[in-house]
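Taking it in order: structure first as structure tokens, then the write-up.
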Amino acid sequence: MNIAVIGLTHKTAPVEVREKLSVPEEVREKATSHLCSYPHIQEATILSTCNRLEIYIVTSDTDNGVREVNQFLSEWSHCPLRQLRPYLFILLHQDAIMHLMRVAAGLDSLVLGEGQILSQVKRAHQLGQQYKGVGPILNRLFKDAIAAGKRVRTDTNIGTGAVSISSAAVELADLRINNLPNCRIAIIGAGKMSRLVVQHLLARNVQQMVIVNRTLERARELAQQFPEAEFDLHVMVDLLPVVASADLVFTGTAATEPILERDALAQVINNGRLLSIIDIAVPRNVHANVTELTQVQLFNVDDLESVVAQNQEARRLMALEAEAMLEEELANFNAWWHSLAAVPTIRCLRNKIETIRTQELEKALSRLGTEFAEKHQGVIEAMTRTMINKILHEPTVQLQADQDLASRQRAIQTLHELFNLDVVET
Ligand SMILES: NC(=O)c1ccc[n+]([C@@H]2O[C@H](COP(=O)([O-])OP(=O)(O)OC[C@H]3O[C@@H](n4cnc5c(N)ncnc54)[C@H](OP(=O)(O)O)[C@@H]3O)[C@@H](O)[C@H]2O)c1
1409 MNIAVIGLTH
1419 KTAPVEVREK
1429 LSVPEEVREK
1439 ATSHLCSYPH
1449 IQEATILSTC
1459 NRLEIYIVTS
1469 DTDNGVREVN
1479 QFLSEWSHCP
1489 LRQLRPYLFI
1499 LLHQDAIMHL
1509 MRVAAGLDSL
1519 VLGEGQILSQ
1529 VKRAHQLGQQ
1539 YKGVGPILNR
1549 LFKDAIAAGK
1559 RVRTDTNIGT
1569 GAVSISSAAV
1579 ELADLRINNL
1589 PNCRIAIIGA
1599 GKMSRLVVQH
1609 LLARNVQQMV
1619 IVNRTLERAR
1629 ELAQQFPEAE
1639 FDLHVMVDLL
1649 PVVASADLVF
1659 TGTAATEPIL
1669 ERDALAQVIN
1679 NGRLLSIIDI
1689 AVPRNVHANV
1699 TELTQVQLFN
1709 VDDLESVVAQ
1719 NQEARRLMAL
1729 EAEAMLEEEL
1739 ANFNAWWHSL
1749 AAVPTIRCLR
1759 NKIETIRTQE
1769 LEKALSRLGT
1779 EFAEKHQGVI
1789 EAMTRTMINK
1799 ILHEPTVQLQ
1809 ADQDLASRQR
1819 AIQTLHELFN
1829 LDVVET
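This is the structure we're talking about:
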């Protein structure tokens, strides 16, 4: 068995490619079952965020497993593989394990050390389990990666003061727009990203904001979390008039199709004023054709890179410290992984001894005859079972705990020869 990850990230692909491959939660079950239906994929789960789409698999045949994921990605995005290939990365085993640990720790994020990715990795694990894509190996890998991510966050300062995509968006607005507190600001969406936008705008003395959301209830809940600010709440039917009367708009909904595009916007915007839109959603909420309107300046998540870069330098040293921790976590995972090599031998040895036990027990009981009560039979059955378990306990533990791969392999071989084991790999 081998572990592999195939995907693309903000480092390998621009937002217009990433959004084609996004796998929203509503379709995660379908996508996971599709992946698991391929003959060489034993386990699979999907990590889909605004900055990455990564498919983790356990495969019995690496070349074919990777080929099957490529085929899935091409079908999913309706893009020929030759068009996708330049954007994809493939990492195998050690590199795949280390990659997930780095991702969970926030070391592969656009914003180094940001915290949202850890909950997104947890969610990928949880949904993978729910949709039966995660088996024993990915389960252990994701648990270890999440523990590693938490450890990096608690034992280093990488998360301290780390910006999020939302705070970078607000910083970009502050850099591009004069006198932010006096701007008319609208936020489209009322989820996690929008909440962070509000929080960071407040930190920059913005007191008044308009929120437009699909459901008014969620917009109200968001507003209630910030009693110090003044909100004007709307639902989506008011989107265009709200945008038209704003100077600055943040869009952060989970809509899978654009909610703002050129023609609709052109009819409502005031020609005399500049409108700035910062779209932090992936798939993007604002169609790229909006850039054709001269009075609109549009930014997307990829435009945040320049803002983030200034913030990264101080974190690089902490990232080095974190990498050393992740090496230890990788070694722990590998110790567990290698211990799996002994499992078929242990299983075979147990089966063989269990067969001997039941045969001999049957013979002994038939010799003792019918006067031997059922209760006594139970006692003998339990005693023989306990004896076998106790005898096998120590060699089982030793075989799995041996850190030296060569010596473990020798011990496995010796067991095969001494007990004449015919091990079937499953
Ligand atoms: N979470 C992150 O770390 C992160 C980072 C960067 C970018 N992003 C991107 O930001 C966007 C929002 O993420 P989130 O984590 O804030 O999501 P979230 O907490 O699940 O909130 C989703 C928001 O989108 C609205 N929405 C969902 N489907 C919609 C549709 N079809 N039309 C209009 N509104 C719709 C929801 O409205 P209701 O309240 O009515 O359901 C809600 O306001 C996503 O595109 C995501 O990729 C997320």
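Per the numbering used here, the sequence shown starts with residue 1409, numbered consecutively. C-beta atoms are modelled at their ideal positions from N, C-alpha and C, and glycine is treated no differently. Keep in mind that this is a model prediction, so the values were computed, not measured.
Is the stretch 1640-1659 close to the stretch 1590-1605, with three or more CB pairs under 8 Å?
A contact between stretches requires three or more CB pairs, one per stretch, nearer than 8 Å, and the stretch 1640-1659 meets this requirement with the stretch 1590-1605.
F1827: buried (16+ other C-beta within 10 angstroms of its C-beta) or exposed?
If you number the sequence shown from 1, residue 1827 lands on position 419. Answer is exposed; the Cβ neighbour count stays below 16.
To the nearest angstrom, report how far apart V1782 and S1747 are at their CA atoms.
Along the sequence shown, read from residue 1 onward, the residue named residue 1782 stands at position 374. Along the sequence shown, read from residue 1 onward, the residue named residue 1747 stands at position 339. Per the sequence shown, residue 1782 should be read as Glu rather than Val. Taking the straight line joining both Cα atoms gives about 41 Å.
With the cut-off set at 8 Å, would you say A1412 and L1500 are in Cβ contact?
Residue numbering aside, residue 1412 sits at position 4 when the sequence shown is read from its first letter. Residue numbering aside, residue 1500 sits at position 92 when the sequence shown is read from its first letter. Closer than 8 Å, so yes.
Any heavy atom of ligand 1 inside 7 Å of the beta-carbon of V1618?
By 1-based counting over the sequence shown, the position of residue 1618 is 210. If you check the C-beta of V1618 against ligand 1, you find no heavy atom less than 7 Å away.
Measure the C-alpha to C-alpha separation of K1419 and A1696 and round it to an integer number of angstroms.
Within the sequence shown, numbered from 1, the residue matching residue 1419 stands at position 11. Within the sequence shown, numbered from 1, the residue matching residue 1696 stands at position 288. Going by the C-alpha atoms only, they are around 21 Å apart.
Thinking just about the alpha-carbon of each residue, which of L1728, A1790, T1792 is nearest to the one in R1510?
As a working note, residue 1510 is residue 102 in the sequence shown. If we check each option's Cα against that of R1510, L1728 comes out closest.
Cβ-heavy atom distance between S1575 and ligand 1 below 7 Å?
Locating residue 1575 in the sequence shown gives position 167, where the first residue counts as 1. False, no ligand heavy atom lies under 7 Å from that Cβ.
T1568, DSSP secondary structure in three states:
Walking along the sequence shown from the start, residue 1568 turns up at place 160. Coil.
Run through the DSSP bridge pairs and tell me what L1683 is partnered with.
For the purposes of this step, residue 1683 is identified with residue 275 of the sequence shown, where counting begins at 1. For L1683, which the question treats as bridged, DSSP gives the partners V1704.
Could you say which of R1475, R1584, L1492 lies nearest to T1417 if we only look at CA atoms?
Here residue 1417 refers to the residue found at position 9 of the sequence shown. For the residues R1475, R1584, L1492, the minimum Cα distance to T1417 belongs to L1492.
With hydrogens ignored, establish whether the beta-carbon of I1685 is closer than 7 Å to any heavy atom of ligand 1.
Indexing the sequence shown from 1 puts residue 1685 at position 277. Of the heavy atoms belonging to ligand 1, none sits nearer than 7 Å to the Cβ of I1685.
Restricting to Cα atoms, I'd like to know which of Q1632, L1546, N1759 is closest to F1741.
Translated into the one-based positions of the sequence shown, residue 1741 becomes position 333. Of all alpha-carbon atoms in Q1632, L1546, N1759, the one lying nearest the alpha-carbon of F1741 is that of L1546.
Mind checking whether the beta-carbon of G1557 lies closer than 7 Å to any heavy atom of ligand 1?
Against the sequence shown, residue 1557 aligns to sequence position 149. It does not: the Cβ of G1557 is nowhere closer than 7 Å to a heavy atom of ligand 1.
T1417 by DSSP, collapsed to three states: which one?
The sequence position of residue 1417 within the sequence shown is 9, counting from 1. Reduced to three states, the DSSP call for T1417 is strand.
Please specify which runs of the alpha helix (DSSP H), each continuous and at least 4 residues long, are wholly inside the stretch 1604-1640, giving them in chain order.
Runs found: 1624-1632.
Do the CB positions of G1543 and T1440 come within less than 8 Å of each other?
Working through the sequence shown from its first residue, we reach residue 1543 at position 135. Working through the sequence shown from its first residue, we reach residue 1440 at position 32. Going by C-beta atoms, G1543 is not nearer than 8 Å to T1440.
Taking 7 Å as the cut-off, is the C-beta of Q1524 nearer than that to any heavy atom in ligand 1?
One-based indexing of the sequence shown puts residue 1524 at position 116. Checking every heavy atom of ligand 1 against the Cβ of Q1524, one is found closer than 7 Å.
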